[in-house]
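Accompanying notes for the structure given below.
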Ligand code: GAL
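Numbering (the numbering used here), first residue to last: 628 to 1041.
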């Protein structure tokens, strides 16, 4: 007993005698659990540990992050928010309005973020003019991936219009090949839907899915979008329901399907499996002009002045936007760096195409936020649209009915 109290007393003395040196700590909530994703997030864990940080991992499986966001709400409601959270788009501002996000402007200013981040993308990281999130990458959503061997064997080129896509799909079906690898989860249906909307024109996309213009939502063009969704529904295999996106990517890899429509995190899967772009698989933008961006980012939650956690948040923010992490992480993730000063020499042809298109689309005013990946809209209207899209895709609902439902659902969600 006596020894214990002496030790406790001397520990207390030591503690008060030495100046407190914060030890960076972070509990990090994210949904990067697939092969390519896990490899990518490991880069951040390693850099954090090298700089003396202690990382507590809180992965919540589920593509697109729906399950992670449910877990986040539960943690915040119980007064125990994680230190750092994978959070993006308007959800950042929604959480800021709840008064639970930390201001990371000191790090951002010290590291000169304003000089190296494109303005349009940096705007997503600001809350009331202050920096409240750290951007990781630029994913492009409107990609189509193809199995080169299948395409060559069937004399098929990557389609540049939906008519060409439909013709290719029918040819493949006649040859007994599943045209499209798809996972029937609401966010994956929404991912295809937004590429079809974009295919009708970047202006139409902007009006319908960014501005939520009732005329665009209820237009004949939108009827055509749902017609194409119905056609696409005919090109997936019988077991598509509930399938994870990375398993759909594996179908393209293994020659079980010809195409997948998915953001370039799919490329992270191909690469993690040792597949080579241009040889084993190929990439092309989905039909139509424009670039749908999906910028992953991390927001820091208020930790009530806990010095170790604040040090962890500052270190994480610094590393995330740092040039070394931006290069290594994005080489694994399938995305491109969000910093404009990172060399793309080590990146592959799909990344180069992405960077070129992004620059051209920024110039043309057709660099647009992805609705399906939470960049364009707040939670309620986005959820309302996805509910209609997935209800239509998984039933015999007509295009006219879907359009009517869409207009009503959006009106009720505003
Ligand atoms: C996206 C996210 C990507 C990728 C994908 C599949 O929403 O931005 O980084 O992880 O989900 O989980």
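Heads up, the beta-carbon is just placed ideally off N, CA and C, and yes, glycines get one too.
- Shown here, residue 753 sits in a strand according to DSSP, grouped into three states.
- Using a 10 angstroms sphere on the CB of residue 773, the tally of other CB atoms reaches 16 or more, which defines it as buried.
- Residue pairing from DSSP places residue 684 in a beta bridge opposite 655.
- In the displayed model, residue 781 falls within coil according to three-state DSSP, outside both helix and strand.
- A Cβ-Cβ distance of about 5 Å is found for the pair residue 734 and residue 941, placing them in contact under the 8 Å criterion.
- Under DSSP, residue 689 takes part in no beta bridge, so it has no partner.
- Secondary structure at residue 731: coil, using DSSP grouped into helix, strand and coil.
- Here residue 761 is not near residue 958, since their CB atoms are 9 Å or more apart.
- In the three-state reduction of the DSSP assignment, residue 804 falls in the coil class, being assigned neither a helical nor a strand state.
- Distances from the CA of residue 754 to each of 722, 905, 877, 859 were compared; the closest alpha carbon is that of 722.
- DSSP, reduced to helix, strand and coil, places residue 976 within a helical segment of the structure shown.
- In summary, residue 1022 is exposed, with fewer than 16 beta-carbon neighbours lying within 10 Å of its beta-carbon over all protein chains present.
- Sequence-distant Cβ neighbours of residue 785 in its own chain, meaning closer than 7 Å and more than five residues away, are 771, 773, 909, 911.
- In this structure, residue 816 has its CB at a distance of at least 8 Å from all heavy atoms of the ligand GAL.
- For residue 947, there is no enclosing beta strand (DSSP E); the residue is found in the alpha helix (DSSP H) stretching over 934 to 948.
- Residue 965 is not a Cβ neighbour of residue 707, given a cutoff of 9 Å.
- Residue 1014 has its CB no nearer than 8 Å to any heavy atom of the ligand GAL.
- Leaving aside the five residues that flank residue 842 on each side, the residues in its chain whose CB is nearer than 8 Å to its CB run, in chain order, 834.
- For the pair residue 691 and residue 924, the Cα-to-Cα distance works out to about 13 Å.
- Put simply, the stretch 808 to 818 touches the stretch 1010 to 1027. At least three CB pairs are less than 8 Å apart.
- Exclusion of the five residues before and after residue 904 leaves 975, 976, 977 as the residues of its chain whose Cβ lies within less than 6 Å of its Cβ.
- For residue 650 against residue 681, the beta-carbon gap comes to about 7 Å, under 8 Å, which counts as contact.
- Residue 710 is positioned such that its CB atom lies no closer than 9 Å to that of residue 808.
- Within the same chain, 687 come within 6 Å of residue 694 by CB-CB distance, once the 5 residues on both sides are set aside.
- DSSP places residue 867 outside any alpha helix (DSSP H), giving it a letter other than H or E.
- Proximity of the beta carbon of residue 766 to the ligand GAL is indicated: a heavy atom of the ligand is located closer than 8 Å.
- Nearest in C-alpha terms to residue 678, of all of 1027, 1032, 939, 981, is 939.
- DSSP places residue 927 in the uninterrupted beta strand (DSSP E) bounded by 924 to 927.
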